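>
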Amino acid sequence: AQNTCILQVVKPRLNACFYTSVTTLERVSVAGKDYDCDEWTNITPKILSYVGRNLHTQKDHPIYIVKEVNLPLFAVFDNLSPVVTVKQNFDSLLTPKDHVSRNRSENYYINKNTVLRAHTSAHEHELIRSGLSAFLMVGDVYRRDTIDATHFPVFHQLEGVRLFNSQQVKKRNYLFQLFSKCEGNTADLTLFENGQETADKQMCHTLETSKLLEFNLKQTIEDFTSLMFKTKLPPLNLNTDVECKWVEAYFPFTHPSFELEIKYNGEWIEMLGCGILKQQILNEAGACDQVAWAFGLGLERLSMKLFDIPDIRYMWTTDDSFLSQFKNHEDFKSIQFKPILSKQPAVANDIAFWIPNDYAMNDFYDLVRSVDDGLVQTVTLVDTFVHSESGKQSHCYRIYYRHTSRALTQAEVNNLHNRIKDAAESQLNVKGR
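What follows is the structure, encoded as structure tokens:
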């Protein structure tokens, strides 16, 4: 039908409906299923071209290699659809209605009720409700973000959840045996109480419950980190052979929450976030008599550090000079990646324009990605200006062009830069300076 738009086969020409304007599309097809469009629809053909690539299931890909280093006794789910409901992506994880992470400028909405998942945690509710007690979720996730060597609108997450019931704690001493500093009899250990929430525990958890879970969570993650990095980093006389530290953090769906940082090449880098899963999530999933912890990490970040990959765009290349370096990965720790990045310096071109009141920076970044042929390495906001009389505001961005494996000609850089300028003016309602 003439009124139906299948985004996978739409030509690269951009349409204002993908950004700040109200959509004129009626239907969109994502992963083989049709969805109604509305004013929330902002998904683009470029983003949809990544749906179904499933790098985490492609043998000899660095993301696949890292994913295969799984924790024992965990069920693995790596084929869950990235199309989820807003309820799955936000409500089931207790994300406040007014939280910035729900914004249209932060996500790829298919319509107001449906979104490309921003995290694999979107599947926690259904898997907990199914009765699972230990599982890993692996998959591609989608977020509108900045453009540089470490950020891409599609990346892959590995998230783990472990549930414990009172029998495991009291009768089998599962957690108690791990918590060597805990004193007393396990028969006296109570999981829940009607208490006060503190920095160390939730309102409904006893302090012992929270501390036992925290200990088991951190031990599990440190063991995993050791498995990944202990031959890549010099031993530092720690249990894990990796210098690491825990930092207090905040996430809407866990409390208390933590981030793990490891020391790599002389600098501390954030590896993952984790915490004690909020009891309300378990209660709403039918596991009100259990407690749990959860963690999540980005596989691109881990892969890039593990193999010294300098640019996230490598992850999406089909160039055999990149992929061939990861074949025969049975002993993945022996892989020494040799960058094929062009030695030619990046070409920097500036673009400046007056912006409308409803302008969102992520709209511009997403537009650049949609027009880009794989040449844009970084986009940086270098200047803002407010006219003293009119009050109008302008932005100036510096776009760095650099191919991952070959030199660029000035002609192709100029051609792409002009296409970005034209698209910005026609799609984002900005005016060039």
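For any residue, its number in our numbering is found by taking its place in the sequence shown, counting from 1, and adding 26.
Cβ coordinates follow ideal geometry from the N, Cα and C atoms, glycine included.
The model shown is predicted, which means the values in this text are computed figures rather than measured ones.
#1: Straight-line CA distance for residue 41 to residue 173?
#2: If distances are taken between C-alpha atoms only, which option among 343, 233, 74, 225 comes closest to residue 217?
#3: List the endpoints of the continuous beta strand (DSSP E) containing residue 185.
#4: Starting from residue 316 and walking both ways along the beta strand (DSSP E), at which residues does that stretch end?
#5: Between the C-alpha atoms of residue 303 and residue 167, what's the straight-line distance to the nearest angstrom?
#6: Determine, using beta-carbon pairs with one atom in the segment 121-136 and one in the segment 152-165, whether at least three such pairs fall under 8 Å.
#7: Is it buried or exposed for residue 286, if we count other Cβ within 10 angstroms and need 16 for buried?
#8: In whole angstroms, give me the CA-to-CA distance for residue 472 and residue 418.
#9: Along the beta strand (DSSP E) that carries residue 150, what are the first and last residues, could you check?
#10: Short check: CB of residue 404 to CB of residue 339, under 8 Å?
#11: Tell me, please, which residues DSSP counts as bridged to residue 465.
#12: Among 137, 435, 323, 434, whose alpha-carbon lies nearest the alpha-carbon of residue 183?
#13: Alpha helix (DSSP H) containing residue 73: first to last residue?
#14: Alpha carbon to alpha carbon, how far is residue 443 from residue 375?
#15: What whole-angstrom Cβ distance do residue 147 and residue 119 have, given they're in contact under 8 Å?
#16: Taking the beta strand (DSSP E) that residue 349 belongs to, which residues open and close that run?
#17: What is the rounded straight-line gap between the Cα of residue 181 and the Cα of residue 343?
#18: What does DSSP give as the partner residues of residue 380 in its beta bridges?
#19: Taking buried to mean at least 16 other C-beta atoms within 10 Å of its own C-beta, is residue 458 buried or exposed?
#20: Give me the residue from 400, 412, 388 with the minimum Cα distance to residue 450.
#21: State the Cα-Cα distance for the pair residue 249 and residue 391, rounded to the nearest angstrom.
#22: Would you mind stating whether residue 420 and residue 446 have Cβ atoms separated by less than 8 Å?
#23: Name, in chain order, the residues that DSSP records as bridge partners for residue 413.
#24: How should residue 326 be labelled, buried or exposed, when 16 other C-beta atoms within 10 angstroms of its C-beta is the threshold for buried?
#25: Please return the same chain residues whose Cβ sits closer than 7 Å to the Cβ of residue 448, not counting the five positions on each side in sequence.
#26: Can you tell which of 194, 276, 241, 186 has the C-alpha that lies nearest to the C-alpha of residue 225?
#27: What do you get for residue 453, buried or exposed, if any count of 16 or more other CB atoms within 10 angstroms of its CB means buried?
#28: Report the three-state DSSP secondary structure of residue 449 (helix, strand or coil).
#29: Relative to the alpha-carbon of residue 309, which residue among 292, 279, 330 has its alpha-carbon at the smallest distance?
#30: Should residue 265 go down as buried or exposed, given a rule of 16 or more other Cβ atoms within 10 Å for buried?
#31: Under the assumption that residue 427 contacts residue 408 (Cβ atoms under 8 Å), give the Cβ distance between them as a whole number of angstroms.
#32: Measure how close the beta-carbons of residue 425 and residue 402 come, nearest whole angstrom, since I'm counting them as under 8 Å.
#33: Measuring alpha carbon to alpha carbon, tell me which of 175, 176, 114 ends up nearest residue 155.
#34: Looking at the structure shown, is residue 441 part of a helix, part of a strand, or coil, going by DSSP?
#35: Grab me the residues of residue 290's own chain with a C-beta within less than 6 Å of its C-beta, minus the 5 sequence neighbours each way, in chain order.
#36: Out of 301, 86, 61, 373, point me to the one whose CA is closest to residue 349's CA.
Based on what the coordinates show:
#1: Its pLDDT being 42, under 50, residue 41 is placed unreliably in this model, and the value from its coordinates should be taken loosely. Each residue's alpha carbon lies about 21 Å from the other.
#2: 233
#3: 180-191
#4: 316-324
#5: 21 Å
#6: no
#7: buried
#8: Residue 472 is absent from the structure shown; the chain starts at 27 and stops at 459.
#9: Segment 150-155 is the alpha helix (DSSP H) holding residue 150; no beta strand (DSSP E) there.
#10: no
#11: No information on residue 465 is available, as it lies outside the stretch 27 to 459 that the chain covers here.
#12: 323
#13: 71-74
#14: 8 Å
#15: 6 Å
#16: Taken as a continuous stretch (DSSP letters only), residue 349 belongs to no beta strand (DSSP E), being part of the alpha helix (DSSP H) at 346-349.
#17: 14 Å
#18: 420, 457
#19: exposed
#20: 388
#21: 38 Å
#22: no
#23: Its beta-bridge partners do not exist; DSSP assigns none.
#24: buried
#25: none
#26: 276
#27: buried
#28: helix
#29: 279
#30: Unreliable placement is indicated for residue 265, whose pLDDT of 42 sits below 50; no coordinate value is reported for it.
#31: About 15 Å; that fails the 8 Å criterion.
#32: 6 Å
#33: 114
#34: helix
#35: 331
#36: 86
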